[in-house]
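The structure appears right after this line, and notes come after that.
There are 2 protein chains.
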Amino acid sequence: MPYRADMADRTSLERLRAANRRAVLGALLTDGPQSRADLARSTGLSRTTVSSLVQDLIEHGLAVETTDRGRPHKGGSGRPPLLVAATSARGGVAGIDIGHHHVRVAVADRSGVVLAEDVQPVDVDDHGSATLDRATRMVRSLARASGREVADLRGVGLCVPAPIDRRSAQIRSGILPGWHDLVPTDELQERLGIPVAADNDANLGALAELHHGAAHGVGDFVYLKLASGVGAGLVLGGRLYRGATGIAGEIGHVQILEHGRVCRCTNRGCLETEVSVPRLLELLEPAYDETLTVDRVLALEAEGDAGVRRVLGDAGRTVGRALADLCNSINPSLVVVGGPLGSAAPLVEGVRASLDRYAQPATAAAVRVASAALGARAEITGAIAMAIARAALEE
Amino acid sequence: MPYRADMADRTSLERLRAANRRAVLGALLTDGPQSRADLARSTGLSRTTVSSLVQDLIEHGLAVETTDRGRPHKGGSGRPPLLVAATSARGGVAGIDIGHHHVRVAVADRSGVVLAEDVQPVDVDDHGSATLDRATRMVRSLARASGREVADLRGVGLCVPAPIDRRSAQIRSGILPGWHDLVPTDELQERLGIPVAADNDANLGALAELHHGAAHGVGDFVYLKLASGVGAGLVLGGRLYRGATGIAGEIGHVQILEHGRVCRCTNRGCLETEVSVPRLLELLEPAYDETLTVDRVLALEAEGDAGVRRVLGDAGRTVGRALADLCNSINPSLVVVGGPLGSAAPLVEGVRASLDRYAQPATAAAVRVASAALGARAEITGAIAMAIARAALEE
DNA sequence: GGGCATTCCTCCGGAGAACGCACTAATAAG
DNA sequence: CTTATTAGTGCGTTCTCCGGAGGAATGCCC
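Right, dumping it as structure tokens:
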């Protein structure tokens, strides 16, 4: 039988060592530079062991001893510690966010700090491979701009604005024209030569808000993304939940109107046909002597425009109705409203009102509603977070 | 500083050993008696290590070498293995299932095999403490009947037919009269002197079907319980999901009819008011010259009675409608239909039809619909499974 | 019946991991 | 300068796991 370098054939003791190494590195990444003694205290390992693990990390270039010494243990006396910091010069990941009209790429260090970022306009009706070519070039130049090569990166997180099959990694047809029969992860992996993981915008938005946004530290929440489409990302028990085949959170096609418009999904009266951003703009347009954009709508809302507030409030109540059913089933402690209009107060208030009206009292009482904190950068932040999480799985 | 015998001060190596010991014991409990070689294969540990761990377990009285030898590795030759089995003479747990008209109590060994069981009729309108007294007596006598004392049991799992607050462990008011202001876990713990964990019937039904029923080995499924009330238990990512405050799965109060009957939850047209078992009996009653029971309805269905089939099919389609929305969000691979009517084919077919009609095609294609396998013993089986899981957490 | 292959299990020696202890290093306080 | 305190590191010990050798118990084939 040929030798296989699986994770599985590592011995238990090596796993233990690796787990402890990860624990130390994790503490360095999350809590910043620390002394070995601090690390020993926070990990529960002995000082000796931590010393040895730190030495390992330093030899592998994953950590460095900083030049400046720390204060000698708050207030008291004693030898000042030598601080150890996680290296940011190597490692790192890239994130790629493909939108309907843009490609955003960022390179971040292994703790998620963005080092270089760029956005370029793109027509999604282009064949997907042209967009992927462009993204590939952007990754290369941004990697260089942050002082590394693509090969130094430990992985790429890709955000696509469509459901993606978890097994085949194929984009579900019909939503993104020009991407048919394309497996974007494989394509990118071939172009860049490093691992690529992909997920949709709602899931990655949720991941981003969990790690760096409005849902920081919240174990069970729903991230609502209201944009061209309507989708939800679920974080359950502290982890992103993707379902059995990776298409959980497809809330956009709940039937909300018995005889509503026909949806691209062939059903009618879907949530998405009634409250998508294009639909809301279309509803507002006739009343204003201008072509409305999202920014203009937000400005009008800030000025107190009654029509805009009314339409946003209605939209919030409509999605809130669907969210109420979801919350009754899921019992989350937070709903984060994301997408371009996520910061609009009437939308959030509408959602709140419907939850109070349609969800069980106990469910409604348990759930908070908040605007997303990351705005247009939610997707790229989530893509980076996913890439880091994946990389962490492999030592 | 005084010495503290915390879990925490165990050294990493001891933890490793303990984890491996648990892995071996777990394999023995879930997959039954096995040879050491089988254990090595399933745990991924070396044969040597497994041998040593098994010796540990035997010395601690947690496992025994069985007298009968196994077959020598299916078909082939070779030395026949010495089978190792988890001990059932000690440990064990109790399960208590409180229904609207009965109390069922069972004592099981640590692998979930029921050793003694009893059901007694009870009027739930009694004060809850009377019911708990009775359950306490039943546990005592059943423990004795299985050759142990209550103090030998490692814990109790309690099933109540109502949502239960995860923090206060209080039953949500209004549903079970006579249980107001009662904390059943505390009450039982005081009476019996061993740890008590409680959950509702839908969650425990789901747990039971996961471990010993139609959902064995399925990571993501919805257990629908259709009885006096309507509820769902969710297993997501292989674990029972309870939500942020423990009331996930409350699917019974989705509004399904705009101007339907007023529900006990003060809303109207709730799923529960339209398809609960009493409601279905009430719908059927006028057409038959007898007082209908669940058993009679099932018999009529088996005979091919058109009216019964029609009503059950309609009920299935109605809950299926609500389940379709849930499945769109959760993307499970299975829906298990439980409760007294769970085995009725038209009900299951109705659910299937609504999923195909109302859920996203990809979601509907990913989900199977099946009858529950455990019938009226689902709750007690789940209560036992929960008690075992809790006990396993403490080494 | 006598090899022979096969599988199961255990003993043994070795390697790796974590730990406690003892020691040095570096500072503050008196 | 001495003492107290904290930080970091060699060293020997203990614990754990593993692979290989070898005995044990079977089926298969001649």
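Chains as they are written, first to last, in the numbering used here: chain A, 2 to 396; chain B, 2 to 396. Glycine is no exception: its CB is placed at the ideal position from the N, C-alpha and C atoms.
- Look at the stretch 21 to 46 of chain A: the residues with a C-beta under 9 Å from a C-beta of chain B are 21, 45 and 46.
- Under the 9 Å criterion on CB atoms, residue 242(A) is classed as interfacial with respect to chain B.
- Per DSSP, the beta-bridge partners of residue 227(A) are 231(A).
- Interface annotation for the stretch 364 to 381 of chain B against chain A: 364, 366, 367 and 368, criterion Cβ-Cβ distance under 9 Å.
- Beta-bridge pairing by DSSP links residue 56(B) to no other residue.
- Not a single C-beta of chain B is nearer than 9 Å to the C-beta of residue 204(A).
- In this structure residue 339(B) is in contact with residue 379(B), their Cβ atoms being roughly 6 Å apart against a cut-off of 8 Å.
- Secondary structure at residue 201(A): strand, using DSSP grouped into helix, strand and coil.
- Closer than 9 Å to the CB of residue 224(B) there is not a single CB belonging to chain A.
- Between residue 116(A) and residue 147(A), the C-beta spacing is below 9 Å.
- Residue range 307 to 331 is occupied by the alpha helix (DSSP H) that includes residue 328(B), with no beta strand (DSSP E) assigned at that position.
- Rounded to whole angstroms, residue 149(B) and residue 384(B) show a C-alpha spacing of 19 Å.
- Comparing alpha carbon positions, the residue from 249(A), 16(A) and 387(A) closest to residue 221(B) is 249(A).
- Relative to the Cα of residue 237(A), the nearest Cα in the group 202(A), 85(A), 208(A) and 251(A) belongs to 208(A).
- Looking only at 371(A), 326(A), 296(A) and 394(A), the smallest Cα-Cα distance to residue 356(A) is reached by 326(A).
- About 23 Å separates the Cβ atoms of residue 342(B) and residue 241(B), ruling out a contact at the 8 Å cut-off.
- Under the 8 Å Cβ criterion, the stretch 52 to 66 of chain A counts as touching the stretch 25 to 44 of chain A, having at least three qualifying pairs.
- The residues 106 and 119, in chain order, have a CB closer than 6 Å to that of residue 139(A) in the same chain once the five nearest residues on each side in sequence are set aside.
- Residues of chain A whose Cβ lies closer than 8 Å to the Cβ of residue 233(B) are, in chain order, 330.
- A residue is called buried when at least 16 other Cβ atoms come within 10 angstroms of its Cβ; residue 321(A) meets this threshold and is buried.
- Contact of residue 182(B) with chain A by beta-carbon distance below 7 Å is absent, the smallest such distance being about 17 Å.
- Chain-ordered listing is empty here: chain A has no CB closer than 7 Å to the CB of residue 97(B), the nearest sitting near 24 Å.
- DSSP, reduced to helix, strand and coil, places residue 98(B) within a strand of the structure shown.
- For residue 105(B), no alpha helix (DSSP H) encloses it; the enclosing beta strand (DSSP E) starts and ends at 103 to 109.
- Within chain B, 359 have C-beta atoms less than 8 Å from the C-beta of residue 256(A), given in sequence order.
- The beta carbon of residue 185(B) sits no closer than 9 Å to any beta carbon of chain A.
- Residue burial annotation: residue 131(A) is exposed, with fewer than 16 other C-beta atoms found within 10 angstroms of its C-beta.
- Annotation: residue 130(B) is outside any beta strand (DSSP E); the continuous alpha helix (DSSP H) that includes it extends over 129 to 146.
- Residue 334(B) sits away from residue 349(B), with the two beta carbons spaced by 9 Å or more.
- Annotation for residue 274(B): 261, 262, 264 and 280 place their beta carbon closer than 7 Å to its own, counting only its chain and skipping 5 residues before and after.
- Under the DSSP assignment, residue 240(A) falls in the beta strand (DSSP E) whose first and last residues are 240 to 242.
- For the pair residue 85(A) and residue 34(A), the Cα-to-Cα distance works out to about 5 Å.
- Of all C-beta pairs linking the stretch 307 to 319 of chain B to the stretch 193 to 202 of chain B, fewer than three are shorter than 8 Å, placing the two stretches out of contact.
- Annotated as proximal: residue 253(B) and residue 272(B), with beta-carbon spacing under 9 Å.
- Listed along chain A, the residues sitting closer than 9 Å to residue 245(B) by beta-carbon distance are 219, 220, 221, 222, 331, 332, 333, 334, 335, 367 and 368.
- Taking 9 Å as the threshold, the shortest C-beta distance from residue 251(B) to chain A falls below it.
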